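Peer 1: The following block contains the structure, expressed as structure tokens.
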Amino acid sequence: MSRLDELIQELCPNGVEEKRLGDIATVSRGGNFQKKDYVEDGVPCIHYGQIYTQYGLFIDKTISFISKEKAKKQKFAVKNDVVMAVTSENIDDVCKCVAWLGDEAVAISGHTAIIHHTINPKYLVYYLHSTMFYKQKTKLAHGTKVIEVTPDKLLDITLPVPPLEVQSEIVRILDNFTELTAELTAELTAELTARKKQYEHYRNKLFSFNVLNCATVGNSLNNIVVMPLGEVGIFTRGSGLQKKDFTQTGVGCIHYGQIYTHYGTYANRTKTFVSQEFAKKARKAKHGDLIIATTSENDEDVCKAVAWLGDEDIAISSDACFYTHSLEPKYVAYYFQTEQFQKQKRGFITGTKVRRVNTSDLAKIKIPVPSIEEQRRIVSILDKFDMLTTSISEGLPKEIELRRKQYEYYRNQLLSFPDNKATD
Numbered sequence: 320m321s322r323l324d325e326l327i328q329e330l331c332p333n334g335v336e337e338k339r340l341g342d343i344a345t346v347s348r349g350g351n352f353q354k355k356d357y358v359e360d361g362v363p364c365i366h367y368g369q370i371y372t373q374y375g376l377f378i379d380k381t382i383s384f385i386s387k388e389k390a391k392k393q394k395f396a397v398k399n400d401v402v403m404a405v406t407s408e409n410i411d412d413v414c415k416c417v418a419w420l421g422d423e424a425v426a427i428s429g430h431t432a433i434i435h436h437t438i439n440p441k442y443l444v445y446y447l448h449s450t451m452f453y454k455q456k457t458k459l460a461h462g463t464k465v466i467e468v469t470p471d472k473l474l475d476i477t478l479p480v481p482p483l484e485v486q487s488e489i490v491r492i493l494d495n496f497t498e499l500t501a502e503l504t505a506e507l508t509a510e511l512t513a514r515k516k517q518y519e520h521y522r523n524k525l526f527s528f529n530v531l532n533c534a535t536v537g538n539s540l541n542n543i544v545v546m547p548l549g550e551v552g553i554f555t556r557g558s559g560l561q562k563k564d565f566t567q568t569g570v571g572c573i574h575y576g577q578i579y580t581h582y583g584t585y586a587n588r589t590k591t592f593v594s595q596e597f598a599k600k601a602r603k604a605k606h607g608d609l610i611i612a613t614t615s616e617n618d619e620d621v622c623k624a625v626a627w628l629g630d631e632d633i634a635i636s637s638d639a640c641f642y643t644h645s646l647e648p649k650y651v652a653y654y655f656q657t658e659q660f661q662k663q664k665r666g667f668i669t670g671t672k673v674r675r676v677n678t679s680d681l682a683k684i685k686i687p688v689p690s691i692e693e694q695r696r697i698v699s700i701l702d703k704f705d706m707l708t709t710s711i712s713e714g715l716p717k718e719i720e721l722r723r724k725q726y727e728y729y730r731n732q733l734l735s736f737p738d739n740k741a742t743d
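Going by our numbering, the sequence shown opens with residue 320, and the numbers climb by one from there.
Here it is as structure tokens:
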């Protein structure tokens, strides 16, 4: 028998009473400060938006402050109070909350509820993130674009309130499980980061050949020639394809924004399509062409590229170009990811808010050109690294999601008692 079972048998053998939140807490609304009121140092404060993005379930320090003058007219949470965001753009985030465990009072913004209660603050927060509470809040929520739960309505939710010793034991178990889950996630993330760095190191090494620094353009070194991209192939700008032109089926197309978000190093199927009629007027890439995003909001993403390995010609949007060449397609795509390419690219970037590299400058960037057999050998090695890294990248979110579901299951079980068993 576990320690929790012993406590339940000893302290609440006849079951655990369900209580209204209004029986164990008072609920008040937050104040009215905004993000523009932040100062470098002053009175600690919590803005409702930070509950979604910055904080976990419990905090004892804030990341923002307001002036003492502004704080005079605000509402405050004190140690052990729970601060809840009562508006959100979706049902999942509304009522997300955090327990304030700091010693000093903290100013609370609008769109919040401050819950001042008489139970273990961590126990209450864990319950307010459970399936049992989720079912109750969906009945209280209203709105379309903005989902809201009126603070006063929270008083009517019910929750099991076991003796404090039982609450503390449940908190201890959940804290340990949370810590183990965080440790595993950190280990998996570190493994992925290490693999990516190893992959980048070998990719840069395979493309270096000691050539870019040792050979002049057009001259051979160990049967490798360094050539400007413009002498190896031709760059063609994409045409006026926009997202509104997408159709359910038709001719495959790639919009420049998808190169950042959807595609990897190469692809043989497109995510989107355009009509046959639209495709007649579009500029199209062929098998083996490299499709390049020529604009981005940052230097890292500009010139991100994907090799098209599909059999059909595909339409390419503006703010992108395609590179037709005689090299191994994956070899060129991998080269665009190397530090050697990135260094040259940076010298040609223009623009402020929108960063851009034009095709005439792309044509000046040099590439080492070994024999086609050597290109294929390099691609074969990098494909294996890419497959390994991709496997870890895809496996990490799945493992984290599995741990999250496992955690949620145990949390729901621990917060359910004989007289109020929850069913999902």
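Ideal Cβ positions, reconstructed from N, Cα and C, are used throughout, including at glycine. This structure is a prediction, so every number in the text was calculated from the model and none was measured.
Express the C-alpha separation of T584 and K717 in angstroms, rounding to a whole number.
Peer 2: 22 Å
Peer 1: Identify whether H520 lies in helix, strand or coil by the three-state DSSP scheme.
Peer 2: It is helical.
Peer 1: Quick check: N587 and L628, are their CB atoms within less than 7 Å of each other?
Peer 2: yes
Peer 1: What three-state label does DSSP hand R723 in the structure shown?
Peer 2: The answer is helix: DSSP assigns R723 an H, G or I state.
Peer 1: Mind pulling the alpha helix (DSSP H) runs of 4 or more residues that sit fully within the stretch 326–372?
Peer 2: 340–343 and 367–372
Peer 1: Leaving out the 5 sequence neighbours to the left and right, which residues in its chain are closer than 8 Å to V444 when beta-carbon positions are compared?
Peer 2: L376, F377, V401, C416, V417 and A418
Peer 1: Do the stretch 483–491 and the stretch 453–467 meet, that is, are 3 or more Cβ pairs less than 8 Å apart?
Peer 2: no
Peer 1: Are three or more beta carbon pairs between the stretch 392–407 and the stretch 422–432 nearer than 8 Å?
Peer 2: yes
Peer 1: Can the beta-carbon of I476 be found less than 7 Å from the beta-carbon of Q455?
Peer 2: yes
Peer 1: Using only the alpha-carbon positions, how far apart do Q595 and I573 sit?
Peer 2: When rounded, the distance between both Cα atoms is 15 Å.
Peer 1: Quick one, are the C-beta atoms of A390 and V358 less than 7 Å apart?
Peer 2: no
Peer 1: Would you report the Cα separation of F704 and E693, rounded to the nearest angstrom?
Peer 2: 17 Å
Peer 1: Residues in the same chain with beta-carbon distance under 7 Å from I343, minus the five sequence neighbours each way, listed in chain order, please.
Peer 2: Result list for I343: H436, T437, I438 and V480, in chain order.
Peer 1: List the DSSP bridge partners of V625.
Peer 2: I610
Peer 1: Check whether the stretch 588–607 and the stretch 666–682 are in contact - that is, three or more C-beta pairs closer than 8 Å.
Peer 2: No: fewer than three Cβ pairs fall under 8 Å.
Peer 1: Give me the residue from S645, T568 and V621 with the minimum Cα distance to K605.
Peer 2: S645
Peer 1: Determine the contact status of R322 and E488, defining contact as a CB-CB distance below 7 Å.
Peer 2: yes
Peer 1: Per the contact definition of three or more C-beta pairs closer than 8 Å, is the stretch 544–564 in contact with the stretch 630–641?
Peer 2: yes
Peer 1: Out of E502, P332, H461 and G350, point me to the one whose CA is closest to I719's CA.
Peer 2: The option with the nearest alpha carbon to I719 is E502.
Peer 1: Leaving out the 5 sequence neighbours to the left and right, which residues in its chain are closer than 8 Å to R522 when beta-carbon positions are compared?
Peer 2: Y653, Q656, T657, L701 and F704
Peer 1: Beta-carbon separation of I365 and A404 under 7 Å?
Peer 2: no
Peer 1: Work out the CA separation of P547 and A601 for me, nearest whole Å.
Peer 2: 27 Å
Peer 1: Based on DSSP bridge pairs, tell me the residues matched to L478.
Peer 2: K338
Peer 1: Mind checking whether I578 and A612 have CB atoms under 7 Å apart?
Peer 2: yes
Peer 1: Let me know the secondary structure DSSP gives E467 once reduced to three states.
Peer 2: Note: E467 maps to strand in three-state DSSP.
Peer 1: From this set, G607, K338, I668 and L499, which residue's C-alpha is nearest Y650's C-alpha?
Peer 2: G607
Peer 1: Spatial neighbours of F526 within its chain, please: CB distance less than 7 Å, with the 5 preceding and 5 following residues excluded, ordered by chain position.
Peer 2: Y654, T657, Q659 and P687.
Peer 1: Only counting the same chain, and skipping five residues up and downstream in sequence, which positions put a Cβ closer than 6 Å to that of D620?
Peer 2: These residues qualify, in order along the chain: Y579.
Peer 1: Between the beta-carbon of I684 and the beta-carbon of Q661, is there less than 7 Å?
Peer 2: no
Peer 1: Report buried or exposed for A783, applying the criterion of at least 16 other Cβ atoms within 10 angstroms of its Cβ.
Peer 2: Nothing can be reported for residue 783: it is not among the residues displayed for the chain, which extend from 320 to 743.
Peer 1: Can you have a look at D422 and say buried or exposed, based on whether 16 or more other CB atoms are within 10 angstroms of its CB?
Peer 2: A residue is called buried when at least 16 other Cβ atoms come within 10 angstroms of its Cβ; D422 does not meet this threshold and is exposed.
Peer 1: For I438, which three-state DSSP category applies?
Peer 2: Taken through DSSP and simplified to helix, strand or coil, I438 comes out as coil.
Peer 1: Comparing alpha-carbon positions, which option in V413, F565, P440 and M706 lies nearest L340?
Peer 2: P440
Peer 1: Do you know offhand how far G334's Cα is from I327's?
Peer 2: 8 Å
Peer 1: Would you list the residues sitting across from I433 in a DSSP beta bridge?
Peer 2: I433 pairs with S347 and V402.
Peer 1: Which partner residues does A634 have in the DSSP bridge list?
Peer 2: C572 and K603
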